[in-house]
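One structure below.
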Amino acid sequence: MAQSDSALAVELRGIDKHFPGVIANHDVDLRVKAGTIHAVVGENGAGKSTLMKTLYGMHQPDAGTITVNGVTQHFRSPSEAIAASIGMVHQHFMLADNFTVLENIILGAEPANGQRIDFDEARQQIHKLAESVGTRIDLDVPVSELGVGMRQRVEILKVLFRGAKILILDEPTAVLVPQEVDELFLTLRHLVDDGATIIFISHKLKEVLAVSDEITVMRDGTTVATVLPSEVDRRQLAELMVGSELPSPEGRDSEIRTDIALVVEHLTVTATGQRDLVHDASITVHSGEVVGIAGIEGNGQFELCSAILGLTPSSGTVTITGHDVTHHSTHYRRQAGLSYIPFDRHREGLMLEAPLWENAMLGREHMPQFHKGPLIDARGAKQDCRSVIERFSVLTPSEAVPAFALSGGNQQKLLVGRELSSEPRVLVAAHPTRGVDIGAQAAIWDEIRKARDSGLAVLLISADLEELIGLSDTVLVMFDGAITATLDPAKVTPEILGTYMTGGTVEAA
Amino acid sequence: MTDEKPAEASSEAPPVANAFTGLFKSITTRSQASGVTTGLFTVASSLVAVGIALAICAVLLAITGKDPWAAYSKIIQTGTDGDKLIEMLKRATPLLLSGTAVAIGFKMNLFNIGIGGQYLFAALMAAAIGTQVSLPAPLHVAFILLIAMVAGAAWASIAAILKVTRDVHEVISTIMLNFIALAVIQWLFENWFRDNSLELNIKTKILPVSGRMPDIVKDKLGGMFIVALLVVFLYWVIVFKSRFGFRLRASGLNAGAARTAGIDAKKMIVITMLISGAIAGLVAMPSVVGEIYAYGPNATPTQFGFAGITVALLGRHHPLGIIVAACLFGFLDSTSPQLQLAAIPSSIVQVIQAVIVLTVVIVNEATIRWLNKRTSERTAARLIASGTTVGASA
Chain A
-17 MAQSDSALAV
-7 ELRGIDKHFP
3 GVIANHDVDL
13 RVKAGTIHAV
23 VGENGAGKST
33 LMKTLYGMHQ
43 PDAGTITVNG
53 VTQHFRSPSE
63 AIAASIGMVH
73 QHFMLADNFT
83 VLENIILGAE
93 PANGQRIDFD
103 EARQQIHKLA
113 ESVGTRIDLD
123 VPVSELGVGM
133 RQRVEILKVL
143 FRGAKILILD
153 EPTAVLVPQE
163 VDELFLTLRH
173 LVDDGATIIF
183 ISHKLKEVLA
193 VSDEITVMRD
203 GTTVATVLPS
213 EVDRRQLAEL
223 MVGSELPSPE
233 GRDSEIRTDI
243 ALVVEHLTVT
253 ATGQRDLVHD
263 ASITVHSGEV
273 VGIAGIEGNG
283 QFELCSAILG
293 LTPSSGTVTI
303 TGHDVTHHST
313 HYRRQAGLSY
323 IPFDRHREGL
333 MLEAPLWENA
343 MLGREHMPQF
353 HKGPLIDARG
363 AKQDCRSVIE
373 RFSVLTPSEA
383 VPAFALSGGN
393 QQKLLVGREL
403 SSEPRVLVAA
413 HPTRGVDIGA
423 QAAIWDEIRK
433 ARDSGLAVLL
443 ISADLEELIG
453 LSDTVLVMFD
463 GAITATLDPA
473 KVTPEILGTY
483 MTGGTVEAA
Chain B
601 MTDEKPAEAS
611 SEAPPVANAF
621 TGLFKSITTR
631 SQASGVTTGL
641 FTVASSLVAV
651 GIALAICAVL
661 LAITGKDPWA
671 AYSKIIQTGT
681 DGDKLIEMLK
691 RATPLLLSGT
701 AVAIGFKMNL
711 FNIGIGGQYL
721 FAALMAAAIG
731 TQVSLPAPLH
741 VAFILLIAMV
751 AGAAWASIAA
761 ILKVTRDVHE
771 VISTIMLNFI
781 ALAVIQWLFE
791 NWFRDNSLEL
801 NIKTKILPVS
811 GRMPDIVKDK
821 LGGMFIVALL
831 VVFLYWVIVF
841 KSRFGFRLRA
851 SGLNAGAART
861 AGIDAKKMIV
871 ITMLISGAIA
881 GLVAMPSVVG
891 EIYAYGPNAT
901 PTQFGFAGIT
911 VALLGRHHPL
921 GIIVAACLFG
931 FLDSTSPQLQ
941 LAAIPSSIVQ
951 VIQAVIVLTV
961 VIVNEATIRW
971 LNKRTSERTA
981 ARLIASGTTV
991 GASA
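Chains as they are written, first to last, in my numbering: chain A, -17 to 491; chain B, 601 to 994.
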C-alpha cells in the first residue's frame, strides 16, 4: 500500500443523528485507513445510509466529529464534501440517459475554455482516469445504451473526475450480476492501488469478506464491531449483524386450523432483461396460521406481495379461501378476503392530506357503513373511524385531522386498524411495525395475534427477526427471488436465519 | 431510518410532460381542505393574492405611461353597472364549464389540456346533427346538449385510450389532439356541414327554433348559465360526496394507496377523462344553442380551452372557487371594451388575469405549507394538552 497503515482517511467519532421520533445513528465510530477498502455492513435500517449521508454532507450530525485526512470538517452540503475529495456513488444511478458518457461525466464540472466547454481536455482527463482504473469505455455513446455494469463504471468515473480520493459506494453490487460484481471488485482494487480509499456499503457478506480490508458492523443505528475479514467467517459476521440475543418466541393457545386460506403456487414475476424477481414461489397458509418470510430486502418480497395482490403481472396461481383469483383484479381479491399492510405506508397506504376518516375508509368504501346508495355516508364513516381509533389506540385529537399530522406509529396503527377492520380472511403484512415505537409495536402484534386466533391467515414479511420468530408458525426464507428454506421458528436461531438470508445453507438446520 | 424502497417502474412519460405534471401537481394536490379554517385561510390568501396582482399591474400600467388609477376606476365604475353584471355572468358561463372540465381531471392528477379541441369538435357535431332532427322544443335542446357531451367525451376518449393502452402521457396527447381536432373540424365542416347558402360569415345550417335555448334575460344572459351552475353542482356532488368521487380523489391523492386498495387505475382514468370530455363538450353550447344557433369557424369562440385551466387553478378546483374565478374573469373580460374607449389598452385585462393566476398559485402554495405545518403542530399540542385521546377517553 502506498501510504502507511496508520494514516486515517476518514474518522467519525460519536456521531448522533436524530430524525423526528427516530434515532437513526447513535454514538457511531468509524475509522477508515487510507488506501483500503472498508466495508460497512448491517441490516436494512441499521443506519448505514444515514451515516454515509452524514459523511457526504447531505445532512448534518446532531453530535460528533468528522475528520477527513486529519482535518476536522463540518460539511454543510455535498459540494463541501466533494471539495474535501469525498465522492459518493449512489445505489440508484444519477445519470442523464440521453447524454453521452462524456457529457454525463463532465456534467456540472465542465472544463472550460473561455465560455466554451473544452471537450478535448475532458476527453484526455477521462481516458487517463479510465486507464488508471483498468477500464475501457466508449465516451460517445448515450448512457441509455449502456448496461447496468457500465453505467456504474460511468458513475465511478464521474466521481473520480471531480477529484474524489475517498469513494463511498452505497450497495454497489445490489444491481449487478455476479460477473459484473467481479469486474467491479477488480476496478476497486485498481483504485486502491492508485491510492484511493473506498467505503463499501453492503449487506452481502460473501462479497464483503471477499473484497474488503476491514469491516465495520452496524446494528440498531450504532457501530458494534470492526473486524478483519481474516478473523471472521460469514456466520460470525451475520451474528454480529443481527445481534446474538435470541428473541423469546411467544407461545400460542390457539390451534392452526386445517382449512387452507392462501395458496400461492409456482408464482414467478419476470422482469425484462433481468433475472426473475420472484422465481417459482409456492406458499400455503392455513387459517389461524402465521407464515413469516425472512429475507434481506430486495430479494423479491415486494414483488411477491404485489403479485399476490394482483398489482404486478405474474405467472402461477393464487387461491384465496378456495377461490382461484389468479385472473382477477385487486378489488376482487380484496372482496375474497385479502387485506394488505404495505411496505411503505406513505407510498402505498395512506392519503396523507386526507382526513383520518377518509383514510380509514379507503379500500372498504363498498361496505354498508360507508355509503348510502352512491353517496358517501360521512357520518357513518366518521363513526367507523372512531371505532378504529379506539380499538387500535391511535393517538389523535379527532378523526377529522389529516393523516400527515399524526406520528408515524399512529399512522401505522390506523393503517393496520383499517386493514383488520375489513374482516379479512388473509392478511399480507409487510413490515407491520416498521418505524413505530415499542408501545405501538406491541399493540400491533397483539392485534395480529388476536386476529390470527380467530382464524386469520397471515403472511408476514419482516426484517425484524424478533417479530418473525415471535409471531410465525413457519418461517420461510426468501433469497434472490426464491423460497430457499422452510424453518421451524422454535428451533431457528438468528445466526441460522442470517446465513440463509445471505444465500448460505446450513446442514440439518 | 433510511430503508431502501423497492424500486418502482419509472414513468415512461417524456421529460416535458413530467415537468408539466410536476408543476401542476405541486400546485393542485396539496390542498385537501380539512375544516372551515382551511377554507377561510384559502379565501383570505386568494384575496391577498388578487391585491398583489392588481398592485403589480398598476406598476406595469404606470411603466407604460398609463394612469393605473384611471384604469382601475374605470373597471370599478363598469362593475357597478347592472347590465355589466349580467354580462359578467354571461361571460362566466363557458368558463364555468371549461374550468369544471379541467378541475375534475386535476382531482386525480389527470391533465386534460385538450378542452379546446374537445369542445370545438363537440360544437360542430352538436350543431350539425342538431339540424338533422326534429323534436319538440325542450327535447331538441336536450338532444343537442347530449350530442355535444357525447362528442366531447368521444374526442377525449382517444387520449384516455392512448394512456391506458400505450402509456402515452395525456398532456402530450391532448395537446396534439387539439391540433388534430382543428384539422378534422375544418375538413368535416368544409366537406359536409357547411351551409353553402350563406355567402359571408360561413356557418353550419341554422338551428330551428325548437333547438334554441331560451334566455334568462332577453339577449343578455342565456339559459346555459343555469346548465353551467348545474354542472358545477353535480361536479361537487360527484367528486366530493360520492363513492366514485372518493375513489377519484384517492387516486389523485395517492395513486399507490388507491391501487393497493383495489381501485382500478385504468378504469378511473377512462371514466374521469370521459366525464371531463363530456363537460368540455358543453363549453361552446352558450354560443351554439343560445346565440349563433350554429357552428361557424369564425363565429364559435375558440379561447375557452386554456382559460379553463386558469379558472380551475384559480378556483383551486373547488366548486365555489371555480364559480368565483369564472365570475372574476368574466367581469374583467366585460370591462375591456370600456377600457378601450378610455384609451387604456384592453389587453391589460389579460395581463391582470395572468398575473392573478400566478400570484394566487404562489400565495396559496405558501399558505398551504404554513397551514399544514400549523395543523401538525396543533395536533401535537392538543394531544399533549389533553393528555388523552379519542380512543382512551371513550
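Yeah, the Cβ is synthetic: ideal placement off N, Cα and C, and Gly gets one too. Given the structure is predicted, the values throughout are model-derived calculations rather than measurements.
Contacting residues, own chain, Cβ-Cβ under 6 Å from residue i (five flanking each side not counted)
| i | result |
| --- | --- |
| GLU189 of chain A | THR155 |
| CYS367 of chain A | LEU338, TRP339, ALA342 and GLU381 |
| ASP195 of chain A | THR18 and ILE19 |
| VAL273 of chain A | VAL267, LEU441 and THR456 |
Neighbourhood of residue i by C-beta distance below 7 Å, restricted to the same chain and skipping five residues each side
| i | result |
| --- | --- |
| VAL957 of chain B | THR910, LEU913 and LEU914 |
| GLU165 of chain A | GLY131 |
| ALA263 of chain A | VAL246, LEU249, LEU286, ALA464 and ILE465 |
Residue range of the unbroken beta strand (DSSP E) whose run includes residue i
| i | result |
| --- | --- |
| ASP120 of chain A | ASP120 of chain A -> no beta strand (DSSP E), and no H or E assigned at all. |
| GLY328 of chain A | Strictly speaking, residue 328 of chain A in this sequence is His, with Gly absent from that position. Neither: HIS328 of chain A is in no beta strand (DSSP E) and is coded neither H nor E. |
| THR466 of chain A | 464 to 469 |
| HIS248 of chain A | 242 to 251 |
| ALA411 of chain A | 408 to 412 |
| GLU448 of chain A | Counting along the chain, GLU448 of chain A falls outside any beta strand (DSSP E), though it belongs to the alpha helix (DSSP H) covering 447 to 453. |
Own chain partners of residue i with C-beta closer than 8 Å, once the 5 adjacent residues on each side are dropped
| i | result |
| --- | --- |
| ARG346 of chain A | PHE352, ARG400, SER403 and SER404 |
| PRO384 of chain A | LEU334, GLU335, ALA336, PRO337 and LEU338 |
| GLU237 of chain A | GLY270 |
| SER311 of chain A | GLY292 |
Where residue i falls, given that 16 or more other Cβ within 10 Å makes a residue buried
| i | result |
| --- | --- |
| LEU447 of chain A | buried |
| ALA907 of chain B | buried |
| ALA(-16) of chain A | Note on ALA(-16) of chain A: pLDDT 42, under 50, position unreliable in the model; the coordinate value appears next. Exposed, because fewer than 16 other Cβ atoms sit within 10 Å of the Cβ of ALA(-16) of chain A. |
| TRP669 of chain B | exposed |
| VAL141 of chain A | buried |
| PHE779 of chain B | exposed |
| ARG969 of chain B | exposed |
| VAL71 of chain A | buried |
| TRP755 of chain B | buried |
| ARG766 of chain B | exposed |
| VAL398 of chain A | buried |
| ALA760 of chain B | buried |
| LYS147 of chain A | buried |
Host alpha helix (DSSP H) of residue i (start-end)
| i | result |
| --- | --- |
| HIS740 of chain B | 737 to 766 |
| TYR719 of chain B | 715 to 730 |
| THR678 of chain B | 668 to 679 |
| ARG257 of chain A | Looking at the DSSP string, ARG257 of chain A is not in any alpha helix (DSSP H), and its letter there is neither H nor E. |
| MET708 of chain B | It is not in any alpha helix (DSSP H) - MET708 of chain B carries neither H nor E in the DSSP assignment. |
| PHE904 of chain B | 904 to 914 |
| ILE371 of chain A | 360 to 373 |
| LEU291 of chain A | 283 to 291 |
| ILE88 of chain A | 83 to 88 |
| PHE182 of chain A | Premise fails: PHE182 of chain A lies in the beta strand (DSSP E), 179 to 184, not in any alpha helix (DSSP H). |
| PHE586 of chain B | Shown here, chain B extends from 601 to 994; a query on residue 586 of chain B therefore has no answer. |
Original post:
Which residues, in order along the segment 881 to 894 of chain B, keep a beta-carbon less than 7 Å from a beta-carbon of chain A?
Top reply: Within the segment 881 to 894 of chain B, not one residue has a Cβ closer than 7 Å to any Cβ of chain A.
Original post:
In chain order, what residues of the segment 849 to 868 of chain B put their CB closer than 8 Å to some CB of chain A?
Top reply: ARG849, ALA850, LEU853, ASN854, GLY856, ALA857, ALA858, ARG859, THR860, ALA861, GLY862, ILE863 and ASP864
Subject >> the segment 293 to 314 of chain A: positions lying closer than 9 Å to chain B by Cβ >> reply: LEU293, SER311, THR312, HIS313 and TYR314
**OP:** State whether the segment 281 to 300 of chain A contacts the segment 841 to 855 of chain B, with contact taken as three or more CB pairs (one from each stretch) at a distance under 8 Å.
**Re:** no
Subject >> Within 7 Å of chain A by C-beta, residues of the segment 966 to 981 of chain B in sequence order >> reply: ASN972, THR975, SER976 and THR979
Original post:
Is the number of C-beta pairs between the segment 203 to 219 of chain A and the segment 471 to 488 of chain A that are closer than 8 Å three or more?
Top reply: Counting C-beta pairs closer than 8 Å gives three or more between the segment 203 to 219 of chain A and the segment 471 to 488 of chain A, which meets the contact rule.
Subject >> Inter-stretch contact at 8 Å, needing at least 3 Cβ pairs: the segment 697 to 714 of chain B / the segment 835 to 846 of chain B >> reply: yes
Original post:
Any chance the segment 14 to 25 of chain A sits against the segment 37 to 48 of chain A, with 3 or more Cβ pairs inside 8 Å?
Top reply: no
Original post:
On the three-pair Cβ rule with 8 Å, is the segment 729 to 739 of chain B touching the segment 673 to 692 of chain B?
Top reply: no
Original post:
Are the segment 877 to 885 of chain B and the segment 896 to 906 of chain B touching, with three or more C-beta to C-beta distances below 8 Å?
Top reply: With a cut-off of 8 Å, the segment 896 to 906 of chain B and the segment 877 to 885 of chain B count as touching, because enough Cβ pairs lie within range.
Subject >> Interface positions of the segment 643 to 673 of chain B facing chain A (Cβ-Cβ less than 7 Å), listed along the chain >> reply: Correct list: empty, as no residue qualifies.
**OP:** Would you list, in chain order, the members of the segment 352 to 363 of chain A that have their beta-carbon closer than 7 Å to a beta-carbon of chain B?
**Re:** Those residues of the segment 352 to 363 of chain A that come within reach of chain B (Cβ to Cβ, closer than 7 Å) are HIS353, PRO356, LEU357 and ILE358.
Original post:
Between the segment 906 to 928 of chain B and chain A, which residues of the former have a C-beta closer than 7 Å to a C-beta of the latter?
Top reply: none
Original post:
Counting pairs of Cβ atoms below 8 Å between the segment 112 to 122 of chain A and the segment 80 to 88 of chain A, do you hit three or more?
Top reply: yes
Subject >> the segment 928 to 945 of chain B / the segment 705 to 725 of chain B touching (three or more Cβ pairs under 8 Å) >> reply: no
Subject >> Segment contact flag, the segment 780 to 797 of chain B with the segment 808 to 815 of chain B, C-beta cutoff 8 Å, min 3 pairs >> reply: no
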